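Protein chains in written order, with my numbering: chain A, 26 to 462; chain B, 5 to 340; chain C, -2 to 231.
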Amino acid sequence: MKNRSRIQILYFLMAIILFAVGIFQSWNVALTIFNLCLISSIMTLGINVQWGNAGIVNFGVMGFAALGGLANIIISMPPTSNAWETGGNFIVIGLMIFVLSIIFSVFMFKRVNFNKRIKYLISFLIIFVGYFIMRLMVDSPIEQIESIEPAKTGYLGGFNLPVIISWPVGGLLAAFAAFIIGKISLGLRSDYLAIATLGISEIIIYILKNEDWLSRGVKNVNGLPRPVPYEIELQSREWVLETANILKIPLPEVSSIIVKLSYSVLFLLVLLVILYLLQIAVKSPWGRMMRAIRDNEVSANAMGKDIKKRHLQVFIIGSAIVGIAGAMLTTLDGQFTPVSYQPLRYTFLIWIMVIVGGSGNNFGSIIGAFLIWFFWIQSEPLGLWLLSFITSHISDTNLIKSHLQENAAHIRLMFMGMILLVTLRFAPKGLIPEVKR
Amino acid sequence: MDFLNGITLISNYILIPGLTYGSQLALGALGITIVYSVLRFSNFAHGEFMSFGAMTSILLCWLFLILEINLNPLPTAIIVLPFAIIITIFYCILVDKIIFKFYRRQNSKSVINLIVSIGVMFFTGGLIRFIIGPGDKNFFDGERFILKAKTFKNYTGLSEGLALKTTQGITIVLSIILVVLLFWFLNKTKTGKSMRAYSDNKELALLSGINPEKVVLITWIITGTLACVAGTLYGLDKSYKPFTYLHLVLPIFSAAIVGGVGNPVGAIIGGFVIAFSELIVTFAYKKIFFYFLPNYLVPDGLLQILSTDYKIAISFIILVLVLLIRPTGIYKGKII
Amino acid sequence: MYILFGENITCGYGSVDILFNCNVGVNEGEISSIVGPNGAGKSTAMKALFGLLPIKQGKIILDGEDITNIPPQERVLKGMGFVPQTNNIFPSLTVEENLEMGAFVEQHDCKKMLEYIYELFPVLKDKQYQLAGELSGGQRQQVAVGRALMTKPKVLMLDEPSAGVSPIIMEGLFNKVTEIANQGTAVLMVEQNAKQALKISDLGFVLNQGKNLFTDTGNSLLENKEVRQAFLGG
């Protein structure tokens, strides 16, 4: 019961903080923060399923989030005219040949009895040949597609469907990737798994950065469709005009607040559904089994639990949740920018949220996401303010002072590091500890 | 003549850059491997330790510039390196005393230590950006080349040039010196042996009267030295930017794992495997074929296996392959 | 005259006691064996004597000095050598380096002790530059004993030295133990192979369920009908 009051107090506190930002800074800022808090907390839920319940270290958050983002393009963008005709099919067939060659070589490796070295050599050769056939097939179509109005399109485009569909599709994409990654690396112990997932997520980002035909690479995809109305549209509506009049707030601001609020409602809905499902899962026999495996792998194994399969399950579920959140994030941004995916912001920051909030507790993960995101955003002005306070007696022309103020923005990295270290030292179970069942 | 031209081409674009980058990776991987084998955790903060070392070198370089101390034609960085090493070691030990020691006492799981090292990574990264700023810093001075491509061409009469940058020469020479010193220390001195003993069998080492705190201290001294030298050399060679060091952690981990975590020889081999694969896989082979094959056989394209854009991703691909095929690495390291 | 003696020892893991008022020890230059069935507390007694387990009651005396509250590392300095049952070598160090680590605390005489150990275990001389992890089970045991002897201990403590080695090698090992004792180093060992151990022992301690059952010379224990029936298989 101690936990319940903690949850109430912390959530109440967070609400007050956000309201304070709304009142003293602006409601626009408060809602921007709130929306990103919601998305972050979905990501932390995904990681918490894996880490808190199963002890799996997934450092691939960035990659899964980016795959979610990619779903936005594939689902919602209009197909580029002529792109499919010029060679989209060739690309698909080429990729399929490569994938088939991998599957074939794995199949051969498992089924054929040979000297191990020869098996490796043959598998390698099969993949190599598959790769070359693919390159032969796709190289010129890719070039052609990328040369279709490169300033505007130069990629295959998508299916022109409502963007909201991309959220579950993003989850599916991430789940599919998680299946493959899990097959490769889940047998490894925690340290290797962490490094492997981090590495694979970097590979995903590299592909998205460089395969222009798919994601326009570093040229970004702008102008993704929205699930909510545009500000301009709203400003001509009667009821919006009236609200602005009544509240005595300028029209542009009202419209942008309405847009953000509609996003908030959508995100909150997704968060609540996922949270509800996870709470059921955690309390179910399945959840108990996951924790049993986490706490004592040897005895769980002895009791006949298929640990590998369970781990794969939970890895896929958690990653899919991260993928959904990633898709939502890209929808909110309205553009897909592969360069913006940095492990510091996506992977490690999310991990700090989970640890600070309380590993193994879903409510903890959510509050962790809210608090850390808030600090991540606000520590920049906070750092600046702190510095000008400390250096207030130094004259403005002082070299050291101006240098420090220039770099004050980077205080937030130090802040985050310190928050994580202090939590691990003095409250290793986080703000809201796991409930012992 | 064509044959010699081909050899020169390979040396210039694969051999020398590979040796340079490989040395930098190897020094980094050694630091990670040594922390792993003695303290039993993967230190994600190592990249930032390298960055810290490079930053210290830069600050000291500026100071020496003011004091007008230099070593022309060699870069000033060479003179400041010993001082930078001392400061980096001091920082590492400080971090250990304040942070890592607590978890060592508690016998925490290695995952917890790993997460702690991420906290250290954030803090150190912030500290560095706070002190020196996030921008690009070039601190190379002195003579740029040991051997210029043009000089080489004039001297040999070949149509391909061979260039050796001063930074490349310094990197290779310093790395060799450092590695020789390290192996001498580990294999020949009593303290070095006790360190290996401790990493082999902690309980027995305690029974034999080996002082664990001393072993830990020496571990950080070695790690700090390696990190500072590797970081400074990397910054000297490619210009210093705090941001890049975060991205260097993964290739370094790849190198350590490819060679076998916890095995120093493996770390060095791993570094070169990663460096050379990056270059070999992204090299455009057209010119080579031009020299080695009759003209009518030379194909049209650039003949790259992967485009240069994927250069860094190759280290991760190798990492994944190694994890798939032989998780213990080339030399059987300690299994995590 | 006991050189090492644990008097009335009561100890255990956590709140569970394993030993109850146990007395074990070894005389100067002699061999003592602690025998008994599984779970009798033999290894626990060993750990207690070496300070690896905190003692709830009783005291430990080494050469007339009370060492009950001294940590294991310092007991090494005071003249105790301990060979654990498992993980008792440094596998990735060479044989010679393993031995050197034994003398880590005492720099002098290292060369002389090395010679002595190579004389005692000639096989090790041949393999001095080989990695200890590559040796056979019996040779590893020799390295382990050699490492513990490097500090010139007054008492050498062996925890199940014959575990996992073949009977022939075990016999050779016991011969070496006798040789070590003859050179003046007292040996206290815990053994599963009670018969063979008691044969070479001057003193034997039969433990059962954490208590002293019999204490006598090795030979008389071997002849004791009760001991034979209960613990030596007839």
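For glycine and all other residues, C-beta sits at the position ideal for the given N, C-alpha and C. Keep in mind it's a predicted model, so treat the numbers as computed, not measured.
CB of S30/C within 8 Å of CB of G201/C, strictly: Indexing the third sequence from 1 puts residue 30/C at position 33. Indexing the third sequence from 1 puts residue 201/C at position 204. Result yes, Cβ atoms of S30/C and G201/C sit closer than 8 Å.
Those residues which DSSP pairs with L204/C across a bridge: As a working mapping, residue 204/C is identified with position 207 in the third sequence. The partner list for L204/C (beta bridge, DSSP) reads N209/C.
Through-space distance from L166/B to K157/B, alpha-carbon basis: For the purposes of this step, residue 157/B is taken as the residue at position 153 of the second sequence. For the purposes of this step, residue 166/B is taken as the residue at position 162 of the second sequence. If you take the alpha carbons of K157/B and L166/B, they lie about 8 Å apart.
Local conformation of F144/B per DSSP, three classes: The residue you call residue 144/B lines up with position 140 of the second sequence. F144/B sits in coil when the DSSP states are folded into three classes, being neither helix nor strand.
The segment 410 to 424 of chain A touching the segment 441 to 454 of chain A, judged by at least three CB pairs closer than 8 Å: The way I'd put it, the segment 410 to 424 of chain A doesn't touch the segment 441 to 454 of chain A; fewer than three beta-carbon pairs between them come closer than 8 Å.
Where S29/C sits in the DSSP three-state scheme: Against the third sequence, residue 29/C aligns to sequence position 32. Here S29/C sits in strand by DSSP.
Selected residue, minimal CA-CA separation from L230/B, among Y300/B, T12/B, H50/B, S281/B: Here residue 230/B is taken as the residue at index 226 of the second sequence, counted from 1. Out of Y300/B, T12/B, H50/B, S281/B, H50/B has the C-alpha closest to the C-alpha of L230/B.
Three-state class that DSSP yields for A325/A in the structure shown: Along the first sequence, read from residue 1 onward, the residue named residue 325/A stands at position 300. Residue state, collapsed to three classes: helix.
C-beta atoms of S198/B and F101/C nearer than 8 Å: Here residue 198/B is taken as the residue at index 194 of the second sequence, counted from 1. Here residue 101/C is taken as the residue at index 104 of the third sequence, counted from 1. In contact: S198/B and F101/C (Cβ atoms closer than 8 Å).
DSSP three-state assignment for M154/C, whether helix, strand or coil: As a first step, residue 154/C is located in the third sequence; it is residue number 157 there, counting from the start. Residue state, collapsed to three classes: strand.
S488/A at chain B interface by Cβ criterion, 8 Å: The first residue shown for chain A is 26 and the last is 462, placing residue 488/A beyond what the model contains.
Min CB distance A231/B to chain A below 8 Å: For the purposes of this step, residue 231/B is taken as the residue at position 227 of the second sequence. No, because no Cβ of chain A sits closer than 8 Å to the Cβ of A231/B.
G224/A burial status per 10 Å Cβ neighbour count (16 or more: buried): Locating residue 224/A in the first sequence gives position 199, counting from the first residue. Answer is buried; the Cβ neighbour count reaches 16.
is_contact[Y145/A, chain B] using C-beta, thresh 8 Å: Position 120 of the first sequence, counted from the start, is the residue given in the question as residue 145/A. Contact with chain B is found for Y145/A, since one of that chain's Cβ atoms lies less than 8 Å from the residue's Cβ.
Sequence-distant residues of its chain with Cβ nearer than 7 Å to T195/B (five each side left out): Mapped onto the second sequence, residue 195/B falls at position 191. For T195/B, same chain residues with a beta-carbon under 7 Å away, outside a window of 5 residues either side, are I222 in chain order.
CA nearest to the CA of S51/A, picked from K285/A, N114/A, L181/A, E267/A: The residue you call residue 51/A lines up with position 26 of the first sequence. Of the candidates K285/A, N114/A, L181/A, E267/A, the one whose C-alpha sits nearest the C-alpha of S51/A is K285/A.
Cβ neighbour criterion (16 or more within 10 Å) applied to H418/A: Residue mapping note: residue 418/A aligns to position 393 of the first sequence, counting from 1. Taking a 10 Å sphere around the C-beta of H418/A, we find fewer than 16 other C-beta atoms and assign the residue as exposed.
DSSP bridge partner residues for D106/C (one or two, in chain order): In the third sequence, counting from the first residue as 1, residue 106/C sits at position 109. Partner(s): none; D106/C has no beta bridge.
Meets three-Cβ-pair contact criterion under 8 Å: the segment 26 to 44 of chain B and the segment 263 to 270 of chain B: Counting Cβ pairs under 8 Å, three or more are found: they touch.
Residues within the segment 204 to 229 of chain B neighbouring chain C, beta-carbon criterion of under 7 Å: In summary, the residues of the segment 204 to 229 of chain B whose CB is separated from some CB of chain C by less than 7 Å are D204, N205, E207, L208, L210, L211, S212, G213, I214, in the order they occur in the chain.
Start and end residues, alpha helix (DSSP H) containing F123/A: Taking the first residue of the first sequence as 1, we reach residue 123/A at position 98. Unbroken alpha helix (DSSP H) run through F123/A: 114 to 136.
CA-to-CA distance, L49/C to K234/A, given in whole angstroms: Here residue 234/A refers to the residue found at position 209 of the first sequence. Here residue 49/C refers to the residue found at position 52 of the third sequence. Roughly 58 Å separates the two Cα atoms.
Alpha-carbon spacing of A452/A relative to I116/B, whole angstroms: Locating residue 452/A in the first sequence gives position 427, counting from the first residue. Locating residue 116/B in the second sequence gives position 112, counting from the first residue. Looking at the two C-alpha atoms, the distance is approximately 13 Å.
Beta-bridge partners of C8/C, as assigned by DSSP: Taking the third sequence and counting its residues from 1, one reaches residue 8/C at position 11. Its beta-bridge partners are L16/C, I52/C.
Chain-ordered neighbours of F373/A on chain B, where CB pairs are closer than 8 Å: Within the first sequence, the letter at position 348 stands for residue 373/A. At a C-beta separation below 8 Å, F373/A has these neighbours in chain B: I122, M125, F126.
P119/C versus Y126/C - alpha carbon distance: Taking the third sequence and counting its residues from 1, the one referred to as residue 119/C is at position 122. Taking the third sequence and counting its residues from 1, the one referred to as residue 126/C is at position 129. When rounded, the distance between both Cα atoms is 14 Å.
Partner residues on chain B for Q70/C, Cβ-Cβ distance less than 9 Å: Stepping through the third sequence from its first residue, residue 70/C is reached at position 73. Near Q70/C (Cβ distances below 9 Å), the residues of chain B are L210, L211, S212, G213, I214, N215.
Residue-chain proximity (S217/C, chain B), Cβ-Cβ < 8 Å: One-based indexing of the third sequence puts residue 217/C at position 220. No, S217/C lies away from the interface with chain B (no Cβ there is under 8 Å from its Cβ).
Simplified DSSP state of L118/B, which is helix, strand or coil: By one-based count along the second sequence, residue 118/B stands at place 114. Note: L118/B maps to helix in three-state DSSP.
Neighbour flag for K197/B against chain C, beta carbons, 8 Å: Counted from its first residue, the second sequence places residue 197/B at position 193. Yes, K197/B counts as interfacial toward chain C.
From F126/B, A234/B, G146/B, P77/B, residue whose alpha carbon lies closest to that of L178/B: Here residue 178/B refers to the residue found at position 174 of the second sequence. The option with the nearest alpha carbon to L178/B is A234/B.
Residue-level contact to chain C via CB, R352/B, 8 Å cutoff: The displayed coordinates of chain B run from 5 to 340. Any statement about residue 352/B would go beyond what the structure contains.
Selection from P252/A, V381/A, L211/A that minimises the alpha carbon distance to P187/A: As a working note, residue 187/A is residue 162 in the first sequence. Of the candidates P252/A, V381/A, L211/A, the one whose C-alpha sits nearest the C-alpha of P187/A is P252/A.
Short CB-CB distance (under 8 Å) between I339/B and chain C: Taking the first residue of the second sequence as position 1, residue 339/B is located at position 335. Interpretation of I339/B is limited by its pLDDT of 45, a score under 50 that renders its predicted location unreliable; the figure taken from the coordinates is listed afterwards. False, the Cβ-Cβ gap to chain C never drops below 8 Å.
Residues bridged to G3/C [DSSP beta-bridge criterion]: Looking up residue 3/C in the third sequence gives position 6. Paired residue(s): V21/C, I57/C.
Spatial distance of I261/B from L254/B (CA atoms): Your numbering for residue 261/B matches position 257 in the second sequence. Your numbering for residue 254/B matches position 250 in the second sequence. Approximately 10 Å between the Cα atoms of the pair.
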